[in-house]
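Quick note on UniProt numbering: the sequence shown kicks off at 1 and runs consecutively.
A virtual CB, placed ideally from N, CA and C, is assigned to each residue, including glycine.
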Amino acid sequence: MKKKYIIMALVVILLVYLANSNPSKGEYTDWAAKQFMKRNDVSKKLDEVQKENDEGLLGDLASAGKKLAKKYVEPQVGLLIDHYTKRNDYIFFSTYTTEFDIGEEHYKYVCVGFSKIFIPIEMPEKKDESAK
Numbered sequence: 001m002k003k004k005y006i007i008m009a010l011v012v013i014l015l016v017y018l019a020n021s022n023p024s025k026g027e028y029t030d031w032a033a034k035q036f037m038k039r040n041d042v043s044k045k046l047d048e049v050q051k052e053n054d055e056g057l058l059g060d061l062a063s064a065g066k067k068l069a070k071k072y073v074e075p076q077v078g079l080l081i082d083h084y085t086k087r088n089d090y091i092f093f094s095t096y097t098t099e100f101d102i103g104e105e106h107y108k109y110v111c112v113g114f115s116k117i118f119i120p121i122e123m124p125e126k127k128d129e130s131a132k
């Protein structure tokens with residue numbers, strides 16, 4: 001009987017913790033903007049150039065480019081993500097759906113957020129550049 005009460009108390013504590021740590025839309029927007037900036041082709045190329053030319057001029061320019069992108073581009077990306085994101089709050093966790101069109105391409109991202117953690121559930125497939 002005592003074991004049953006301990007388990008129930010732990011479950012209640014867990015649920016209260018999850019409810020209090022359910023991420024807001026702003027927290028999702030910050031996370032998603034950082035993920036977008038890390039995963040885009042420009043950022044990957046700047047990382048590559050910086051690693052290849054760590055001590056040289058190109059490495060310094062790549063580093064400066066990354067800093068400028070973080071300072072000026074990332075906030076704009078965050079605003080766009082915030083505008084196109086819908087949050088569904090389920091008390092203990094939330095789902096975030098971000099949908100937008102660029103030209104004829106439709107992009108849809110779905111993430112689940114709980115305890116300040118975000119897990120991507122649905123992302124657009126990366127197109128094979130060699131297929132063009």
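- Annotation note: the segment 33-74 contains the following uninterrupted alpha helix (DSSP H) runs of length 4 or greater, listed N- to C-terminal: 41-52, 57-68.
- Within the DSSP secondary-structure output, Pro120 pairs in a beta bridge with Cys111.
- Secondary structure of Ile102 (DSSP, three-state): strand.
- Residue burial is scored here from C-beta neighbours: Pro23 has at least 16 other C-beta atoms within 10 angstroms and is therefore classed as buried.
- Cβ atoms of Val49 and Leu58 come within 8 Å of each other, at about 6 Å.
- The three-state reading of DSSP puts Asn22 in coil, since its state is none of H, G, I, E or B.
- Within the same chain, and ignoring the five residues on either side of Thr29 in sequence, the residues whose Cβ sits closer than 7 Å to its Cβ are Gly78, Ile81, Asp82, Thr85.
- Nearest to Glu99 by alpha-carbon distance, out of Glu122, Asp89, Tyr90, is Glu122.
- Straight through space, the alpha carbons of Met1 and Ile7 are spaced by roughly 10 Å.
- When the beta-carbon positions are compared, Lys71 and Leu46 stay at least 8 Å from each other.
- Ala9 sits exposed, since fewer than 16 C-beta atoms from the chains shown fall within 10 Å of its C-beta.
- Inclusion of Gly113 and Phe92 in the CB contact set at 8 Å is not warranted, their separation being larger than that value.
- Under DSSP, no beta-bridge partner is assigned to Tyr17.
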